[in-house]
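Inspection log for the structure reproduced underneath, given as C-alpha cells.
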Amino acid sequence: MMSISNHTRYLGQKNLSGKPHGYGILTFSDGRQYDGRFYEGKYHGKGTFIGLNGVKYVGEWQNDKFHGEGIITHANGTTYDGEFQSHQKHGYGALTGPNGEVYYCGQWENNKPVKKPPPTWDKYVIEINSLLIDLTNLGEQYFVYALTKLANVESD
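Using the working numbering, read the sequence shown as starting at 69 and increasing by one per residue.
In C-alpha cells, the structure reads:
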C-alpha cells in the first residue's frame with residue numbers, strides 16, 4: 069500500500085513516475101473511495117466511486133470525470149442510469165426514484181433533460197397524408213376507411 073498523503077492511501081499498479089496507473093484502490097481518510105482503473109494518476113476507464121453522502125457511481129471515467137456509460141445512485145435512492153460527458157448527464161438516460169418510478173427517460177444535455185415540445189397538428193397531417201398515399205396503393209377500400217378514421221379524429 070502506498071501513502072499518497074497523510075490522509076490518502078493507494079493500493080494498486082503505478083507507472084514509472086509513481087502515479088496510479090492501471091488497476092487500483094484509492095481510499096481517503098474521510099471514507100471516500102475509488103476502486104477502478106487509473107491513467108497517469110487520474111480516474112480513467114471503468115471504476116466505482118463511493119462518496120461521503122451516500123452517493124455511488126459505477127461506470128466509465130475519463131480524466132477524473134464521469135464520462136461514458138454509468139449509474140449514479142444518491143443517498144435518497146434516486147438513480148440515473150445512462151450516458152455522461154465531462155461529469156454531466158449527457159446523452160440517453162433514465163432517472164428513477166427510490167420506489168422505481170421513472171421520472172424521466174430520454175435525452176439529456178448538460179445535466180438537464182431535453183424535453184420535446186408537444187406534437188402539433190402539422191405532424192399528424194403529414195403522417196395521415198403519407199398513410200393515405202400508402203393506402204391508396206392498396207386499393208380504394210382502404211382509402212375510404214382511412215378517410216373515415218380521419219373524419220373521426222377531426223371531430224374528437
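By construction, the Cβ of each residue, glycine as well, lies at the ideal position given by its N, Cα and C atoms.
I'd like to check one pair, residue j with residue i: are the Cβ atoms closer than 9 Å?
i      : j      : result
Glu151 : Gly159 : yes
Gly122 : His135 : no
Phe117 : Gln101 : yes
Gly146 : Ile139 : The residue asked about is misnamed: residue 146 is Thr in this sequence, not Gly. No, they are not a contact pair.
Ser154 : Lys124 : no
Would you call residue i buried or exposed, if buried means 16 or more other Cβ atoms sit within 10 Å of its Cβ?
i      : result
Tyr171 : exposed
Glu128 : buried
His89  : buried
His75  : exposed
Lys157 : buried
Gly104 : buried
Leu163 : buried
At a threshold of 8 Å, does residue i count as lining the ligand ADP (C-beta to nearest heavy atom)?
i      : result
Gly161 : By its list of ligands, the structure shown contains no ligand whatsoever, and the ligand ADP lies outside what it can speak to.
Can you pull the DSSP bridge partners for residue i?
i      : result
Gly80  : Gly92
Leu163 : Tyr148 and Tyr172
Lys157 : Phe152
Val126 : Thr116 and Ile139
Glu177 : Lys180
Lys133 : Gln130
Can you find a C-beta in chain B that's less than 9 Å from the C-beta of residue i?
i      : result
Gly115 : Among the chains of the structure shown, chain B does not appear; only one protein chain is present.
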